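J.:
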Amino acid sequence: MNLVFLGPPGAGKGTQAKKLFQEFGMPQISTGDILRDAVRRGTELGKKAAPLMEAGKLVPDDLVVGIAMDHLQQIDPVRGFILDGFPRTIPQAQALDAALKSSGQKIDAAISLRVPEETLVDRLSGRRICPKDGSVYHVSQNPSKRDGVCDKCGSPLLQREDDKPEKVRERLAVYARQTAPLEDYYQKQGLLRVIDGVGSPEDIYAQIKNVLSRS
Ligand SMILES: [Zn+2]
């Protein structure tokens, strides 16, 4: 099955994608990962994207789609894939559909994880990162043993600038602006599946599997 995951930052897409991978072997493909991979491998398109990424600029749609397609072609069509953070816009979604069609494939379902804004702000702004080894903690859900200090290496933990509450609200607003039309796009094709993203990861996973068994 080929899936698109829709959901704001903090909705738990990564956690759910990991579970699907463990059970069904569908790899999770995030735009960030495939862009970095293309740059690392020095592909033709990767070389075009590299200077933009280094400058912190947005990589244009056609370049993102090209790099995603290169990547999807390497994937076993029997296992399928989970797209996370891509497509982000209607033109990207259209380009994706066209490219899949030309290789006899399609998107089977778009899973939208819905979580209230306040819950997302809470989840994201409680995150603390170790600058040295990248360990991730959460002040209430996954606290370090000693307040503000990494369990593994003892470094002081940091809150990423992006995770400050006002930044989180900005990110959520950007997401809502970009993604509402994308939900419509998949709804019109009868592919949108809405999942309540509040609850334990196991409950949410059970909902997803239930929905997929009927897709
Ligand atoms: Zn550490």
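The numbers in numbering that gives the first Met the number 0 rise by one with no breaks, and the one at position 73 of the sequence shown is 72.
Where a beta carbon is used, it is the ideal one built from N, C-alpha and C, also for glycine.
These figures come from a predicted structure and were not determined experimentally.
Which partner residues does residue 193 have in the DSSP bridge list?
T.: The partner list for residue 193 (beta bridge, DSSP) reads 111.
J.: Does the Cβ of residue 144 lie closer than 7 Å to at least one heavy atom of ligand 1?
T.: Answer for residue 144: no, Cβ out of range of ligand 1.
J.: Note the first and the last residue of the continuous beta strand (DSSP E) segment covering residue 209.
T.: Unbroken run through residue 209 is the alpha helix (DSSP H), 200 to 212; no beta strand (DSSP E).
J.: How about residue 216 and residue 127: do their beta carbons lie closer than 8 Å?
T.: The structure shown does not extend to residue 216, since the chain is modelled only from 0 to 214, so the question has no answer here.
J.: Are the region 171 to 188 and the region 84 to 102 touching by the rule of at least three beta carbon pairs closer than 8 Å?
T.: Counting Cβ pairs under 8 Å, three or more are found: they touch.
J.: Roughly how many angstroms lie between the CA atoms of residue 172 and residue 190, to the nearest whole one?
T.: So the two alpha carbons sit approximately 24 Å from each other.
J.: Assuming residue 239 contacts residue 82 (C-beta within less than 8 Å), just tell me the rounded distance between them.
T.: Summary: the structure shown does not reach residue 239, with the chain confined to residues 0 through 214, and so no result is reported for it.
J.: Just mark residue 162 as buried or exposed, buried being the case when its beta carbon has 16 or more other beta carbons within 10 Å.
T.: Buried.
J.: Let me check understanding here. Comparing Cα to Cα, which of 129, 78, 120 and 53 lies closest to residue 19?
T.: The option with the nearest alpha carbon to residue 19 is 78.
J.: Examine ligand 1 and report whether any of its heavy atoms sits within less than 7 Å of the Cβ of residue 154.
T.: Residue 154 Cβ: within cutoff of ligand 1.
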